[in-house]
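Each residue of the sequence shown is one higher than the one before, starting from 42 at the first, in this note's numbering. Every residue gets a Cβ at the ideal spot worked out from N, C-alpha and C, and that includes glycine. Below is one structure, written out as structure tokens; the observations come after it.
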Amino acid sequence: MTLLSLVLFSGLALLSCTGTKFYINYARHKAILDIPNERSSHALPTPRGGGVVFVALFIAVILLCPFFFPREASLWLALSGGGLAVATVGWIDDRNTLPAWQRLGVHSLAVLWALYHLGGMPSLFLGFASLPLGYIGHVLAFIGGVWMINLYNFMDGIDGLAAGEAVLVALAGALLTKGSPVSFALFALTALVLGFLIWNWSPAKVFMGDAGSGFLGFTFFCFALSTENTNTLPLLTWAVLVSVFAVDATLTLVIRARQRKRLSEAHRDHLYQQFIKSGYRHASVTIGALLLGFCASLPALFFSRYISLLFAVIYGLLGVLWVQLYRRFSSISPEEAGKVL
42 MTLLSLVLFS
52 GLALLSCTGT
62 KFYINYARHK
72 AILDIPNERS
82 SHALPTPRGG
92 GVVFVALFIA
102 VILLCPFFFP
112 REASLWLALS
122 GGGLAVATVG
132 WIDDRNTLPA
142 WQRLGVHSLA
152 VLWALYHLGG
162 MPSLFLGFAS
172 LPLGYIGHVL
182 AFIGGVWMIN
192 LYNFMDGIDG
202 LAAGEAVLVA
212 LAGALLTKGS
222 PVSFALFALT
232 ALVLGFLIWN
242 WSPAKVFMGD
252 AGSGFLGFTF
262 FCFALSTENT
272 NTLPLLTWAV
282 LVSVFAVDAT
292 LTLVIRARQR
302 KRLSEAHRDH
312 LYQQFIKSGY
322 RHASVTIGAL
332 LLGFCASLPA
342 LFFSRYISLL
352 FAVIYGLLGV
362 LWVQLYRRFS
372 SISPEEAGKV
382 L
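Here it is in structure tokens:
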């Protein structure tokens with residue numbers, strides 16, 4: 042990292058940190074607070090919606106990018122337009138809870154916007170060859186994009202987890218795309234979320250809310266689709282980077298579906314929440330999840346040629362680990378958990 046890059050990174054982190062502090066004071070004054078209830082993992086009223094700070098700053102960075110990186114105009118359009126829509130509906134939901142169908146509708150439109158500007162997903166690079174997908178690829182990309190937005194919402198439930206994961210994923214993505222405009226944008230995102238994380242770490246002084254979490258999920262989806270289509274970084278590599286989040290969110294959804302619970306209803310069924318209910322501290326669970334994510338992602342830095350095999354192995358191992366831990370720490374029976382795989 043050059044001196045200029047270091048100064049820029051530090052400046053963005055400081056700007057985000059300072060902006061978040063101002064937001065905390067504003068949210069307390071306006072009573073924009075997350076009040077604890079039976080589904081909460083915190084005990085005190087805490088300002089929420091703080092993710093709007095790094096969202097606003099990152100969109101500002103993205104709006105400047107076309108002046109320096111005009112060839113990636115489609116990516117900047119996808120990120121700014123769709124990201125703004127996702128963040129806006131999240132912010133409204135943070136203030137006044139919206140029906141699930143309204144949030145899902147906006148998420149769907151944002152993903153369609155991204156697919157239009159980024160060219161969909163006509164093929165998938167497996168590391169050794171490219172698999173043509175045709176129109177089914179666009180459908181899979183649409184489902185994946187909507188799921189990524191909501192997946193990140195679901196996983197933003199304890200202090201520092203979603204922000205810490207974002208720093209880990211964005212930094213890894215920046216290193217893997219080093220020298221490209223995507224790398225610059227990802228380094229900027231890393232700095233901005235890191236500035237927020239200072240206040241979001243346990244005990245959290247602010248929560249990012251749906252405005253921040255949904256935006257992060259959408260942003261990573263856009264980067265994954267863009268780097269896949271430009272042969273910069275395989276989409277499967279991004280899938281490996283977010284594997285810990287993806288496994289917990291997806292298998293928890295499967296469990297809730299099997300139990301005929303409302304999938305759109307707020308809950309505390311995720312594995313990371315089971316740890317909290319079992320007495321583990323937020324910081325311990327967050328550090329454990331991030332270390333697991335780091336270990337799962339590390340091979341992707343060196344074995345890109347075998348990314349499809351790596352994807353299958355890592356998701357398989359994490360799936361088995363998830364079931365074993367869920368059996369131990371949740372109230373569901375071992376038989377129900379065992380049927381997930």
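At what residues does the alpha helix (DSSP H) containing residue i begin and finish?
i	result
S284	284 to 299
G391	Since the first residue shown for the chain is 42 and the last is 382, residue 391 is missing from the structure and cannot be characterised.
L47	44 to 70
S338	323 to 338
T231	222 to 241
On the DSSP bridge list, what partners appear for residue i?
i	result
L165	L172
Under the three-state reduction of DSSP, which class applies to residue i: helix, strand or coil?
i	result
P111	helix
D200	coil
F343	coil
D75	strand
T271	coil
T87	strand
K246	coil
P375	Residue placement at P375 is flagged as unreliable, the pLDDT there being 41, under the threshold of 50; the coordinate-derived value follows with that caveat. Three-state result, P375: helix.
K318	helix
T138	coil
D310	coil
R369	helix
G178	helix
R303	coil
T278	helix
L382	Caution applies to L382, whose pLDDT of 39 falls short of 50 and renders its modelled position unreliable; the value that the coordinates give is listed next. L382 falls in the coil class under three-state DSSP.
T218	coil
G160	coil
F195	helix
Do residue i and residue j have their CB atoms nearer than 7 angstroms?
i	j	result
L165	L172	yes
V247	P88	yes
S254	Y313	no
A203	S338	no
G205	L331	yes
T271	T218	no
L257	L53	no
F228	A215	yes
G250	G90	yes
M189	F109	no
S243	D200	yes
A97	A126	no
A252	V48	no
V281	F352	yes
L209	G329	no
I355	S284	yes
G357	V288	no
Please indicate yes or no: does the CB of residue i lie closer than 6 angstroms to some heavy atom of the ligand ZN?
i	result
D197	The model depicted lacks the ligand ZN and carries no ligand whatsoever.
Residue i CB to nearest chain B CB: under 7 angstroms?
i	result
L139	Note that chain B does not occur in the displayed structure, where there is just one protein chain.
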